[in-house]
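Trainee: In my numbering, each residue carries its 1-based index in the sequence shown increased by 4.
Note that beta-carbon positions come from the ideal geometry of N, C-alpha and C, so glycine has one too.
Being a predicted model, the structure only gives us computed values, none of them experimental.
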Amino acid sequence: MYKSKDSQDYLRQMPRRFEAGDVYSPHDLSSVEMAKWRRRRGPRNYDVIDTLGIRPLDMYKNFSLIQDFTSSSGQVMHSSATGLRPVNQRKIAKMIRRVQGMGIYPSIHDHPEMLRADFFPPLNVDR
């Protein structure tokens, strides 16, 4: 029992997994070489909805928020593109479907208020 526990501890400390037939030298087992194989975790992607602390279903009038989570053709963007947790991705999708069903937000293109800034730049009124 103690031997199996010791071997599990050693395996946990050794990040590189050697397979049958691999050739290695004692230098490969040094702590310097093992540090090269440790997995580096990148910066954690935080959920925007959790960070802002908002309820997506209450944000149905916020067209800029809706536009961030819809494609130019009006479809709900995939969770890999939005970076949301599955729970919040479902809430956003539900909000978008409701808004499109109510007729507030178009289902085939971006909202006209969002398109206006692209086609008609704001006028500088100097009077």
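What are the partner residues of threonine 74, as DSSP defines its beta bridges?
Mentor: Within the sequence shown, the letter at position 70 stands for residue 74. Answer by DSSP bridge pairing, in chain order: Val80.
Trainee: How is the alpha helix (DSSP H) around proline 90 delimited, first residue to last?
Mentor: Locating residue 90 in the sequence shown gives position 86, where the first residue counts as 1. Here the alpha helix (DSSP H) through proline 90 covers 90 to 106.
Trainee: Excluding the 5 residues flanking isoleucine 100 on each side, which residues of the same chain have their C-beta closer than 8 angstroms to its C-beta?
Mentor: Counted from its first residue, the sequence shown places residue 100 at position 96. Taken in chain order, the residues that qualify are Ile70, Phe73, Thr74, Val80 and Tyr109.
Trainee: Taking the straight line between their C-alpha atoms, what separation do you get for serine 84 and arginine 94?
Mentor: Numbered from its first residue, the sequence shown carries residue 84 at position 80. Numbered from its first residue, the sequence shown carries residue 94 at position 90. Each residue's alpha carbon lies about 13 angstroms from the other.
Trainee: With a threshold of 16 other CB atoms inside 10 Å of the CB of isoleucine 96, please say whether the residue is buried or exposed.
Mentor: Counting from one through the sequence shown, the residue named residue 96 turns up at place 92. So isoleucine 96 counts as buried.
Trainee: Could you confirm whether any beta carbon from chain C is found closer than 8 angstroms to the beta carbon of arginine 89?
Mentor: Of the protein chains in the structure, only one exists, and it is not chain C.
Trainee: In angstroms, rounded to a whole number, what distance separates the CA positions of leucine 61 and arginine 43?
Mentor: Here residue 61 corresponds to residue number 57 of the sequence shown, with the count starting at 1. Here residue 43 corresponds to residue number 39 of the sequence shown, with the count starting at 1. The straight-line gap from Cα to Cα measures roughly 38 angstroms.
Trainee: Expressed to the nearest angstrom, what Euclidean distance is found between the alpha-carbon atoms of aspartate 114 and leucine 127?
Mentor: Your numbering for residue 114 matches position 110 in the sequence shown. Your numbering for residue 127 matches position 123 in the sequence shown. Straight-line Cα distance between these residues: approximately 22 angstroms.
Trainee: With the cut-off set at 8 angstroms, would you say tryptophan 41 and arginine 59 are in Cβ contact?
Mentor: Indexing the sequence shown from 1 puts residue 41 at position 37. Indexing the sequence shown from 1 puts residue 59 at position 55. No, the Cβ-Cβ distance between tryptophan 41 and arginine 59 is not below 8 angstroms.
Trainee: By Cβ distance, which residues of its chain are closer than 8 angstroms to serine 76, with the 5 residues on each side in sequence left out?
Mentor: Here residue 76 refers to the residue found at position 72 of the sequence shown. Here the set comprises His113 and Asp114.
Trainee: Can you grab the Cα-Cα spacing for the pair aspartate 51 / serine 68, in whole Å?
Mentor: Reading the sequence shown from its first residue, position 47 is the one you call residue 51. Reading the sequence shown from its first residue, position 64 is the one you call residue 68. Answer to the nearest angstrom: the Cα atoms are 17 angstroms apart.
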